[in-house]
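One structure below.
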Amino acid sequence: MKLRVDRITEETSESSFEAPVEELNERLSSAGTPDFRLVQPLAIDVRYYRAGEDLYFEGHCDGVAEGQCARCLESFSLPIAAPFEFVLTRAQPREATQELHTDDLAFSFYTGDEIDLTPLVGEQAILSLPTRAVCREDCRGLCPSCGANLNTDPCACKTVPSDPRLAVLANARPRTLS
Ligand SMILES: [Zn+2]
Ligand SMILES: [Zn+2]
């Protein structure tokens, strides 16, 4: 959603909009979070006002992301509920040549007559996603031998004990036998 800078007043305004899935998914894959994609538009509620040339935004976004579990490879959905708050300051011509604080999400510069809120808020939604997609904390993943999904499909393969103390015992046994 684009806002005209001259329509942002000192009075707080409120707005709701939906950010399209396609644009956000492009950002997700370029942000190095390709394990997730959005399956429905992101619903965004935002309040905003100005103080001089500084523009203040706060609100929250809600949506649903779909991920592929890094352990069992099953798809799962994850609700997105991310509050956000940021300030945009008009870039002065002399500052345009300086390094802009683009890594600092809470404080950024804007130029021109329009603010596009979709990438700014989309960034917050993306940041709220975990860096690694796992369907649940205790996902047992796939059997390394037969590929069975161990959450739903326990197989007969001999599994390596996950407890390191047991692993030591398992490694020690053949040596004591020989
Ligand atoms: Zn899983
Ligand atoms: Zn197996």
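If you use the numbering used here, the sequence shown closes out at 1526, no skipped numbers anywhere. Glycine included, C-beta positions come from ideal geometry on N, C-alpha and C.
Taking all protein chains shown into account, C1505 has fewer than 16 neighbouring C-beta atoms within 10 Å of its C-beta and is therefore exposed. Cβ neighbours of D1354 within its own chain (closer than 8 Å, five residues either side excluded): D1461. For ligand 2, the residues with a Cβ under 6 Å from any of its heavy atoms are, in chain order, C1491, S1493, C1494, A1496, C1503, C1505. By the Cβ criterion, the region 1354-1365 is in contact with the region 1388-1405, since at least three pairs of Cβ atoms, one from each stretch, lie closer than 8 Å.
When the alpha-carbon of E1414 is set against those of P1478, L1403, E1359, the nearest one is in P1478. Uninterrupted beta strand (DSSP E) stretches at least 3 residues long and entirely within the region 1364-1388 occur at 1384-1386, given in chain order. A check of alpha carbon separations from C1409 across T1357, Q1472, L1436, C1420 identifies Q1472 as the nearest. In the same chain as R1375, and ignoring 5 residues on each side of it, the C-beta atoms closer than 8 Å to its own belong to P1467, G1470, E1471, I1474, in chain order.
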